[in-house]
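Novice: Submitted below is the structure of interest, expressed as structure tokens.
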């Protein structure tokens, strides 16, 4: 099984930078996904990391350290529409199913 | 456009009643999933299917049932045995083999008790 930990809630100011952390414990790591979910809507895919390092996609970047069981999602130039829940999902090879397990999500509130 | 469609958007269940949530995808994905989302709980896996006519229990399968008779469809039945069914239900699909391809989610069905 996996144990995935994210902060429950974060607040930040419009135009600023925010880092959302995700730590995990897994027996056979096979990739980490970040999703964005606005209230009452479907999660949408943001990024994927399987090797150590930083993946950059416009205003969003995601970092992975497999040895530390740690990832973060970095959001730059925050906009009000970035207020949402951010879900970390870890896939591992235990049980052979390769089904990602989701953390509880981090609710980000962006204020003017 | 390819996508995944859930219906209805809102559903109400009476005591002792079974209700079925629909999920259809036209992405040609082999794998489909059902998740339940409660406030502060994240997404919890109910059932998943990696191929037609086969499905597996997830972490919280009790009180639920599924079928996978067609590749495109993966309906979820919430039975009367599920004593706390009020939640947001999300269906997802993906390719079967591990890759960098993410799961695609439907817009969800919100189920409430009458």
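Protein chains in written order, with our numbering: chain A, 3 to 114; chain B, 611 to 724.
Note that CB positions come from ideal geometry on N, CA and C, so glycine has one too.
Since the structure is predicted, the reported quantities are computational estimates derived from the model, not experimental observations.
Could you give the distance in angstroms between the alpha-carbon of residue 704 of chain B and the alpha-carbon of residue 660 of chain B?
Specialist: So the alpha carbons of these two residues sit roughly 9 Å apart.
Novice: Going along chain A, which residues have a C-beta under 9 Å from residue 729 of chain B?
Specialist: With chain B running from 611 to 724 in the structure shown, residue 729 of chain B is simply not present.
Novice: To the nearest whole angstrom, what separates the beta carbons of residue 87 of chain A and residue 107 of chain A, a pair I think is in contact under 8 Å?
Specialist: Indeed, because the Cβ distance is near 4 Å, the residues count as touching under 8 Å.
Novice: Whose C-alpha, out of A/103, A/68, A/94, A/45, is nearest the C-alpha of residue 708 of chain B?
Specialist: A/94
Novice: I need the straight-line Cα distance from residue 77 of chain A to residue 21 of chain A, nearest angstrom please.
Specialist: 6 Å
Novice: Leaving out five residues on either side along the sequence, give the residues of the same chain with a beta carbon under 6 Å from the beta carbon of residue 642 of chain B.
Specialist: 659, 684, 703
Novice: Would you kindly report the start and end of the unbroken beta strand (DSSP E) that includes residue 92 of chain A?
Specialist: Residue 92 of chain A -> beta strand (DSSP E) spans 86-94.
Novice: In its own chain, which residues sit with a C-beta less than 6 Å from the C-beta of residue 631 of chain B, not counting the 5 before and 5 after it?
Specialist: 686, 699, 719, listed in sequence order.
Novice: Against chain B, does residue 34 of chain A count as a neighbour if the rule is that its beta carbon must be under 8 Å from one of theirs?
Specialist: no
Novice: Please tell me whether residue 635 of chain B has its Cβ less than 8 Å away from any Cβ of chain A.
Specialist: no
Novice: Are residue 116 of chain A and residue 23 of chain A close, meaning C-beta to C-beta below 8 Å?
Specialist: Coverage of chain A is limited to positions 3 through 114, which leaves residue 116 of chain A absent and any answer about it impossible.
Novice: From this set, A/57, A/5, A/81, A/54, which residue's C-alpha is nearest residue 16 of chain A's C-alpha?
Specialist: A/81
Novice: Return helix, strand or coil for residue 83 of chain A, following the three-state DSSP convention.
Specialist: DSSP, reduced to helix, strand and coil, places residue 83 of chain A within a helical segment of the structure shown.
Novice: Runs of 3 residues minimum, wholly inside the segment 15-59 of chain A: which ones carry the beta strand (DSSP E) assignment?
Specialist: 20-27, 31-39, 46-51, 55-59
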